[in-house]
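Written below as structure tokens is the structure these notes are about.
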Amino acid sequence: MFSEQNEKLKKPLHLAIVEKDEKYLKDFEEISGIQIPSELLDFETINERRLKVMGFVKKNKNTEKRIELQQLERLEQLEQLQQLQRIERLQQLEQLEQLEQLEIINNSFVNVKIETPLEKTVVYLDPPYGKSNTNSYQHGGNNYSEMQEEVNKYIDNSKYRIYLSGYDSKFLKVLEYEHTMNASQFGPTKLNEYLFSNQTKEEFENKQKSMVTI
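Just so you know, our numbering puts 149 at position 149 of the sequence shown, and the rest follows in order with no gaps.
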């Protein structure tokens with residue numbers, strides 16, 4: 001039962017069992033950290049005392065191993081948590097750096113120069129909406145017809161993939177969604193808005209298929 005490392009435990013335990021002396025149990029406790037009840041020495045024969053004492057020691061050693069294993073698992077979980085926290089902090093730092101590099105331009109969309117690669121660029125336009133089957137919310141002197149012509153011309157001349165939100169457009173309708181507008185004098189009004197794209201139907205469908213993961 002005893003390894004070479006625990007050989008020093010053997011003597012006080014042996015003397016406690018043979019001589020029924022509690023002081024050897026205390027010597028054993030100081031070395032091993034295991035407190036053996038003194039009543040285990042009250043059994044009549046040496047063999048009975050040996051079985052009871054050794055059984056108690058074995059049981060407590062197994063308990064210690066379980067405790068050590070639980071502590072190790074908790075330590076590993078803590079290390080994993082700390083690693084995740086470090087990764088999250090790194091991601092937050094990267095996002096912050098990206099935000100710091102973000103350039104905000106107060107200008108017309110037609111004057112914004114796009115220099116990113118074609119395959120990595122998507123343009124989204126959300127111009128003032130004109131009249132559909134609902135009231136317009138054009139304001140500030142915006143002329144919807146002129147704006148629409150300008151937007152259409154920009155999209156026609158662009159080499160980039162563009163998405164446009166609105167009520168109607170000559171471009172491909174790729175998405176429909178419901179929107180609640182609170183600007184009406186009669187209270188909230190539910191509207192159907194659309195997302196359009198300068199892609200062909202075939203191009204859009206192929207793009208959607210490429211995003212499907214089997």
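The beta carbon of each residue, even a glycine, is placed where N, CA and C say it ideally should be.
>> What does the alpha-carbon distance come out to for the pair T200 and L172?
In response: Across the structure, T200 and L172 are spaced so that their CA atoms are roughly 7 Å apart.
>> On a Cα-Cα basis, can you pick out the residue from N111, S38 and Y177 that is closest to Y194?
In response: Put simply, of N111, S38 and Y177 the residue whose alpha carbon is nearest the alpha carbon of Y194 is Y177.
>> I need the boundaries of the beta strand (DSSP E) containing Y124, first residue and last residue.
In response: Per DSSP, Y124 belongs to the beta strand (DSSP E) from V122 to L125.
>> Quick check on DSSP: helix, strand or coil for L102?
In response: Coil at L102, not helix or strand.
>> Please state the DSSP three-state secondary structure of E176.
In response: Three-state result, E176: strand.
> How about A16 and L9: are their beta carbons less than 8 Å apart?
Replying inline: At least 8 Å separates the beta-carbon of A16 from that of L9.
> How big is the Cα-Cα spacing for T189 and G166?
Replying inline: Cα to Cα, the separation comes out at about 16 Å.
>> Looking at the secondary structure, which residues open and close the beta strand (DSSP E) in which F196 lies?
In response: Counting along the chain, the beta strand (DSSP E) containing F196 begins and ends at T189 to S197.
> Which residues does DSSP pair with I162 in a beta bridge?
Replying inline: Checking the DSSP bridge columns, you'll see I162 partnered with V123.
>> So, for Y163: in the same chain, excluding its five sequence neighbours on each side, which residues have a beta-carbon less than 8 Å away from its beta-carbon?
In response: Close CB contacts of Y163 within its chain, under the 8 Å cut and outside five residues either way in sequence, are with V122, V123, Y124, L125, V174, L195, F196 and S197 (chain order).
>> Short of 8 Å in beta carbon distance, which residues of its chain neighbour R161, apart from the five on each side in sequence? Order them along the chain.
In response: Counting only Cβ-Cβ distances below 8 Å, and skipping sequence neighbours, we find T121, V122, V123, S197, N198 and Q199.
>> On a Cα-Cα basis, can you pick out the residue from E44, T45, E22 and I46 that is closest to I36?
In response: Looking at the Cα atoms, E22 is the closest of the given residues.
> Would you say V112 and I104 are within 8 Å of each other, going by their C-beta atoms?
Replying inline: Result no, Cβ atoms of V112 and I104 do not sit closer than 8 Å.
> Is the distance from the Cβ of F56 to the Cβ of L81 below 8 Å?
Replying inline: With a cutoff of 8 Å on beta-carbon distance, F56 and L81 are scored as not near each other.
> How far does the alpha helix (DSSP H) with S145 in it reach, from first residue to last?
Replying inline: Run containing S145: Y144 to N157, per the alpha helix (DSSP H) assignment.
>> I'd like the list of long-range same chain contacts for D27, defined as Cβ closer than 6 Å, with 5 residues on each side in sequence excluded.
In response: Beyond the five residues adjoining it in sequence on each side, D27 comes within less than 6 Å, by CB distance, of P12 in the same chain, given in chain order.
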